[in-house]
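Peer 1: Residue numbers (the numbering used here): 6 to 299.
Here a beta-carbon is modelled for each residue, glycine too, at the ideal position from N, C-alpha and C.
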C-alpha cells in the first residue's frame, strides 16, 4: 500500500466512510421494516439485491484504485453479498406475513457482523498506513514494520503463503550529500521511492529502514518472482536521471539489493537480517546488483 500518496490514502478513507454511512442508512431502513412491518423495497427482495443498495452500487463502481485493487476488497464484497442473502430471507418472511425465527435472525446478524468487521479492518489498515508514513518519501516508517511482518509470518506458517523481503540501499549516497547537499539527497530518496512504487503492487509495502535503506515486503511472492522484481527495481533505479537544484550534473543513481524469504521456520528478525546481509553481499560484489539468499 506504500505505492499510494497521502492524498490517495485520505481519498480512499473518505470514500470508504461515505460507503459506511450509506450502509448504516440501509440498515436503519431494514430495522424499520422488520419491526414495523412496513413494505420492503422491491430492490431488497431481488436475488442481486447486493448490487442495488447504495453500498453495493458504490462497491461495483468504486473509483479509487487503492480500494479496488486491495485483496481485502474482494472479501468485503463477498461478505456484503452474503449479508444480503440473509436480509432477503427476513424481508421475504415479513412480506409474506410470516414469523421470523431466532435462528434466521442470528444468521443475518452474524453475516452483518462479518461484513462490518471487513469494513473496519480495511479502514483501520488505511489509517495505520497514513499514521506510519515517512513524511519525506511517502514510504512507511519502521513503527509498523514488525507487527505487519509478524502477521505475514503467521500466514506463512498457517497457509504456506510466500512473502519476500528485499533490502535496498542506495549506492554512494553519502557522496551525493557531500557534493551536492542534503536537498539533493532528499530529492534522490523521494525520486527512488516514486520509482519503486511504479513497479510494486498496491498491497506491497516499502519501509524506510534507515537513512538511504529501504525494506520492501511483497506478500504472495515466490522466490523466483522476488528475484525478477528485484532485478526490475535495480534497473529502474539506475535508469533515473535526477538533476540536483542549482547544478548542471545529472546524478547517476544505483542501488544494491538483497532478497530473502520470510521463512516460517525462523523468526521475522532473522529473515530481515538475512536480507540485510545479502544486500551487503551485493555491495561487496560491485554494487548496482541483486543478491539472493537462495
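Do residue 251 and residue 198 count as a contact pair if the criterion is CB distance below 8 Å?
Peer 2: No, the Cβ-Cβ distance between residue 198 and residue 251 is not below 8 Å.
Peer 1: Between the region 277-286 and the region 248-264, do three or more beta carbon pairs fall short of 8 Å?
Peer 2: Short answer: they touch.
Peer 1: Could you check how far apart the C-beta atoms of residue 98 and residue 38 are, in whole angstroms? I think they sit under 8 Å.
Peer 2: About 11 Å; that fails the 8 Å criterion.
Peer 1: Mark residue 211 as exposed unless 16 or more other C-beta atoms lie within 10 angstroms of its C-beta, in which case mark it buried.
Peer 2: Its Cβ being crowded by 16 or more others within 10 Å, residue 211 is buried.
Peer 1: Given this structure, state the Cα-to-Cα distance separating residue 24 from residue 159, to the nearest angstrom.
Peer 2: Each residue's alpha carbon lies about 31 Å from the other.
Peer 1: Determine contact between the region 241-257 and the region 189-197, defined as no fewer than three beta-carbon pairs at a distance below 8 Å.
Peer 2: Cβ pair count under 8 Å is three or more, so yes.
Peer 1: From the DSSP output, which residues share a beta bridge with residue 222?
Peer 2: Its beta-bridge partners are 170, 210.
Peer 1: If you run the structure through DSSP and keep just helix, strand and coil, what is residue 248?
Peer 2: The answer is coil: DSSP assigns residue 248 none of H, G, I, E or B.
Peer 1: Our contact map puts residue 65 next to residue 56 with C-beta atoms below 8 Å; I'd like the distance itself, whole angstroms only.
Peer 2: Contact flag correct, Cβ pair sits at about 6 Å.
Peer 1: In three-state DSSP terms, what is residue 141?
Peer 2: Note: residue 141 maps to coil in three-state DSSP.
Peer 1: Using C-beta distances below 8 Å, list every residue in its chain close to residue 288, excluding the 5 sequence neighbours before and after it, in chain order.
Peer 2: The answer, listed in chain order, is 174, 176, 261.
Peer 1: Thinking C-alpha only, which one of 93, 76, 72 is nearest residue 58?
Peer 2: Closest by alpha carbon: 93.
Peer 1: Report all residues from its chain with a CB closer than 6 Å to the CB of residue 218; omit the five preceding and five following residues, and keep chain order.
Peer 2: These residues qualify, in order along the chain: 174.
Peer 1: How many Å lie between residue 292 and residue 237 at the Cα?
Peer 2: One C-alpha to the other measures close to 15 Å.
Peer 1: Drop a sphere of 10 angstroms on the beta-carbon of residue 43, count the other beta-carbons inside from all chains shown, and report buried for 16 or more, exposed for fewer.
Peer 2: Exposed, since its Cβ has fewer than 16 Cβ neighbours within 10 Å.
Peer 1: Could you check where the alpha helix (DSSP H) with residue 24 kicks off and where it finishes?
Peer 2: That run of the alpha helix (DSSP H) goes 11-41.
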